[in-house]
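Protein chains in written order, with our numbering: chain A, 1 to 522; chain B, 1 to 618. One structure below.
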């Protein structure tokens, strides 16, 4: 039995078992925790084969699923998806663990939804069939919608509906694009489509490419989110219960960025090239804009939410540089941001449980009463502002390097986000933890051993990814080299077919007319 | 040779005290903290001894930090003559200050936390010095900034302390923004950040008399240096950083961290040598900083603030030295400054300790008899900073000023301003000295001399402040930075006399005729107010940068664009418009066949038109 299959279906099995358990069953928590841990351990079995040949799809499964449509249940792991899967299973252990103390009502159902969410996520990160990808994409959306709407703050229903409508709008566009591609390619299989595109047996006109690319982009951009499609996000992060916020920020946003690499870059490199400048402008706007707004937030969760918009802007920027360094940094940052923002939200959850509030003004002096909590929060804060030797630095530096290689001013604009991040995080830290503890704050407690466990689980990769990147980066790098060289190779095919197309995403009007001319001639 | 041991030992001390410190007894904490730094110092001595005379750099590579495409950054350390000096200063002076801190911090809360941060600082500072590429240096660079943040805000219940910590970190971040961009630009030019590979590649690069890519890169690096080394325009954080405990001011904000910018520019001299424009900017920034900080120093009444501004001013001298190409003179001044400025701060700390926390010079006086050791050692440091031969400061400062004098057609002017500033320096340092130790005691505490654990480091540093000038750093560095020109006796006499004049003036105003100073202050009026308020630079930054940024963020971006513009109008508005559209479409459903027919016709025409525009059907 394939290890990928086990890793994927174990959480699903757990979901069903939990559903069957009676309400308030004492078994629910240990069972969910056990399944999450076992899934994480199983997912480590994917590492060795993927590191062997990171540029191909290892541990793959290919089962005919719906024969009339030629849909295969096709999954595989390459250097990019590997670490996202490992990140997901690891963070899910944390998510299940912290839910035990942070979710007080209907715990069993919440844990079941978490496992269903995990099933969806692993599927998204490994799917090699467009239809299967879409199914997992929606599978991941539904439990999150229910978690936000069912367990969150006072305005949770509004937040959940907004979140759902936004992301669903994107998904529908993507579904349309998937069906269109499959109709042309007569296959849903990702690798067959890529092969067809490379050999020239499958060809989309420039306009078709552009529209398909934009349909995918919309789905991913909302999920990430890219400015200006982000307004669902701070609201959802604020209203969602702590474990859900944690997962929204740490892993769900990576569904979007992963989709960008796998599908936008993989299938439509030319369109991506053509739009790159515009998307980079949006990414940089997001970096600065998110950071500026984070400065003036009075709620910790909203502040981290806006800071996420800023950090995710770096990832998008890196990918659209089409530069090895930029892409490596972007994918590295996907994992690193999951760890560092994850740690921040876990600790924010602890604070919220103690104080019943996330307003910065309600805190102050926590460093005196809860020194351990304050220390680890500081470490997470420092990671988030990109202190070297902690996880975020390498990714951000490589992204900026990629940007500088293409256009130095992009790096200049984006790097202002690094100054701003120090401002908003340190101000928040000062007001929350420093000063004298007064009133209720005087009786707040420090971390308990059971709270320490998930924190340690996050601290290890937080430091490891900053100090010793050789564990992670080479696989990412060679998988990236793959799609970057493919995109360049396909540019050359295009150039041969349509001489007016310039290799580095030439000007749109000329290439459109040239493309049309090519069509007519054929 | 295992150079990695040098930084790792303090890191181990940090980890032990950081994890278990709460449960450890004070002597154990001391043993771990001081022991680790002492071991690091001992190993440094041994390593340099066995590498002596270090004619060629000694390299060590450990592992690849990260690699992407052809761009690789390794964790590589090395030692050459330049960073050998830095290593000795950092570990040696660092060790003395650690020992001193045992006495100074004995009655403070958070004892283990203090030593923990101090050890962490040593780790990062040593990484900074040993690093063989810019990015690894940057690890140390940001790391010492972090420790500075933690130690400035050590008394974290006090808002002024954490404000100062934030200011230090954020202002340094602006500098680091420049440093990072400089590195990014250098990678696009050279493809590497390794000092040695880059220096080889730079040899083929022409000298940029017109601003070019290297000029931009070096200017960006310079921005980083002005942040860390507290130069104009980013010096504003250093005076506030005095909110930290005094040993921190001595170690981080006087002897070691703030000289990192000087070291970084000297280390990348192979780049700066190609960019005469940047060099001019370096010299001007240095001179401006020296003059400005010295003038503010005259008016300060907090003993630590006086020394803080003198640090900024002395760092200005070092930048002036760098700017005129006298790298070795600047590094020489880094070393002597580490001795006498650490001593000034530790002496000030001893006074503050004796007066139970009093820092205001106006509440001191007559301490000469109560604190004899502190008094005499501080006197040695004050003479050294005033540049009186044969004390250490004279040699290094003179080397910088002489190099400035011989530098191009404007050299004599640089020299003149430098000498005047030296005179002012002597004046305000001795002003503080006389106010503290002469006259009658004006406070209410019960002064007592500090314990041996504090006075011993004072005495050792005093010895080096007196005699350190005879350690000829420029000669030691001559293979890397050729000696420029010979000694000029006239210049030496002029600068020594300037120092002596400053001391004499201070003696006149603060010992012989204390009332004269008051009269003078009143006469100066507006000028005095301007200088006393530090030229209102903080206020100007606040109005020009902080307030607009907050306004932009809160009113324009958050409430304006995000909440109103995007969310309310576009997103929720889209929902509303969908409903309105539905409402509008109801009118189409009129039930009149003729209307329907019109719509069908319009639709057909539209379809035909669109197909036509798109180039026809396949």
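Backbone N, C-alpha and C fix where the C-beta goes; we use that ideal spot for every residue, glycine too.
In three-state terms, what does DSSP make of residue 234 (chain B)?
Correct three-state label for residue 234 (chain B): coil.
Would you please verify whether the beta carbon of residue 405 (chain A) is less than 9 Å from any beta carbon of chain B?
Judged by the 9 Å Cβ criterion, residue 405 (chain A) is in contact with chain B.
Please classify residue 398 (chain B) as buried or exposed, where buried requires at least 16 other C-beta atoms within 10 Å of its C-beta.
Buried, by the Cβ-count rule.
Helix, strand or coil: how does DSSP classify residue 481 (chain B) here?
Residue 481 (chain B) falls in the coil class under three-state DSSP.
In whole angstroms, what is the alpha-carbon distance linking residue 66 (chain A) and residue 73 (chain A)?
Whole-angstrom Cα-Cα distance: 9 Å.
Using a Cβ-Cβ cut-off of less than 8 Å, list which residues of the stretch 50 to 67 of chain B approach chain A; keep chain order.
Listed by position, the residues of the stretch 50 to 67 of chain B near chain A (Cβ gap below 8 Å) are 63, 64, 65, 66 and 67.
Measure the alpha-carbon distance for residue 91 (chain B) versus residue 105 (chain B) and round it to whole angstroms.
Their backbone Cα atoms lie some 20 Å apart in a straight line.
Decide if residue 496 (chain A) is buried, meaning its Cβ has at least 16 other Cβ atoms within 10 Å, or exposed.
Confidence in residue 496 (chain A) is poor, its pLDDT being 46 and thus under 50, which makes the residue's placement too unreliable to answer from.
On the DSSP bridge list, what partners appear for residue 58 (chain B)?
Answer by DSSP bridge pairing, in chain order: B:79.
Assign residue 108 (chain B) to one of two classes, buried (16 or more other C-beta atoms within 10 Å of its C-beta) or exposed (fewer than that).
By the 10 Å Cβ count, residue 108 (chain B) comes out exposed.
Hey, how far is the Cα of residue 403 (chain B) from the Cα of residue 279 (chain B)?
Distance between the alpha carbons of residue 403 (chain B) and residue 279 (chain B): 14 Å.
State the Cα-Cα distance for the pair residue 82 (chain A) and residue 245 (chain B), rounded to the nearest angstrom.
One C-alpha to the other measures close to 48 Å.
Where do the ends of the alpha helix (DSSP H) carrying residue 168 (chain A) lie?
Residue 168 (chain A) -> alpha helix (DSSP H) spans 156 to 185.
Taking 9 Å as the threshold (C-beta atoms), are residue 477 (chain B) and residue 81 (chain B) in contact?
Contact: yes.
Which residue wins for smallest C-alpha separation from residue 39 (chain A), given the options A:7, A:153 and A:312?
That would be A:7, whose Cα lies nearest to the Cα of residue 39 (chain A).
Please confirm whether residue 78 (chain A) has its beta-carbon closer than 9 Å to some beta-carbon of chain B.
Not closer than 9 Å to any Cβ of chain B, the Cβ of residue 78 (chain A) fails to qualify, so no.
Is residue 77 (chain A) helix, strand or coil by DSSP?
Correct three-state label for residue 77 (chain A): strand.
Just checking my contact of residue 365 (chain B) with residue 438 (chain B) at CB under 8 Å: how many whole Å lie between their CB atoms?
Going by Cβ atoms, the distance from residue 365 (chain B) to residue 438 (chain B) rounds to 7 Å, so yes, they are a contact pair.
From the DSSP output, in three-state form, read off residue 67 (chain A) for me.
Looking at residue 67 (chain A) - three-state DSSP - the assignment turns out to be helix.
Can you list the residues of chain A that residue 214 (chain B) reaches, using a CB-CB cut of under 8 Å?
Those do not exist, as residue 214 (chain B) stays about 13 Å from chain A at its closest Cβ, beyond 8 Å.
Indicate whether residue 400 (chain A) and residue 263 (chain A) have their beta-carbon atoms separated by less than 9 Å.
The answer is no: Cβ separation not under 9 Å.
What does the Cβ neighbour count give for residue 27 (chain B), buried or exposed, with the cut at 16 atoms within 10 Å?
So residue 27 (chain B) counts as exposed.
Roughly how many whole angstroms lie between the Cα atoms of residue 71 (chain B) and residue 226 (chain B)?
Each residue's alpha carbon lies about 28 Å from the other.
For the pair the stretch 306 to 322 of chain A and the stretch 274 to 291 of chain A, tell me if three or more CB-CB distances fall below 8 Å.
Yes, the stretch 306 to 322 of chain A touches the stretch 274 to 291 of chain A.
Give me the chain A residues within the contact set of residue 180 (chain B), using Cβ-Cβ distance strictly less than 8 Å, ordered along the chain.
Neighbours of residue 180 (chain B) on chain A, chain order: 397, 400, 415 and 418.
Are at least three pairs of beta-carbons, each pair with one atom in the stretch 181 to 191 of chain A and one in the stretch 200 to 214 of chain A, less than 8 Å apart?
Yes, since at least three Cβ pairs between the stretch 181 to 191 of chain A and the stretch 200 to 214 of chain A fall closer than 8 Å, the two stretches touch.
Under 9 Å between C-beta atoms, does residue 477 (chain A) make it to chain B?
Yes - at least one Cβ of chain B is within 9 Å of the one on residue 477 (chain A).
Just verifying my parser: in three-state terms, what is the DSSP assignment at residue 517 (chain A)?
Legend: pLDDT at residue 517 (chain A) = 42, less than 50; position of this residue unreliable, value from coordinates given subsequently. In this structure, residue 517 (chain A) counts as helix in the three-state DSSP scheme.
Can you name the residues that DSSP bridges to residue 62 (chain A)?
In the DSSP output, where bridge partners are listed per residue, residue 62 (chain A) has A:74.
Residue 495 (chain A) CB to nearest chain B CB: under 9 Å?
Residue placement at residue 495 (chain A) cannot be trusted, given a pLDDT of 46 that sits under 50; what the coordinates show is reported in the next sentence. With 9 Å as the cut-off, residue 495 (chain A) does not count as an interface residue toward chain B.
Let me make sure I understand the geometry here. Which of A:221, A:340 and A:85 has the alpha-carbon closest to that of residue 462 (chain A)?
For the residues A:221, A:340 and A:85, the minimum Cα distance to residue 462 (chain A) belongs to A:340.
According to DSSP, is residue 4 (chain B) helix, strand or coil?
Coil, per DSSP.
Might you give, ordered along the chain, the residues of its own chain that have their beta carbon closer than 6 Å to the beta carbon of residue 646 (chain B), omitting 5 neighbours on each side?
In the structure as shown, chain B begins at 1 and stops at 618. Residue 646 (chain B) is therefore absent and cannot be evaluated.
Does residue 509 (chain A) pass the burial test, meaning 16 or more other C-beta atoms within 10 Å, or should it be called exposed?
Residue confidence is low: residue 509 (chain A) scores 41 on pLDDT, short of 50, so the model does not pin down where it sits. Its coordinate-derived value is still stated next. Exposed, since its Cβ has fewer than 16 Cβ neighbours within 10 Å.
Check each residue of the stretch 550 to 572 of chain B: if its Cβ is closer than 7 Å to any Cβ of chain A, include it; give the result in chain order.
Under the 7 Å Cβ criterion, the stretch 550 to 572 of chain B contributes 550, 552, 553, 554, 557, 558, 562, 566, 567 and 571.
Among the residues of its own chain, which have a CB less than 8 Å from the CB of residue 292 (chain A), if the five just before and after it don't count?
For residue 292 (chain A), where only same-chain residues beyond five positions count, the Cβ hits under 8 Å are 420.
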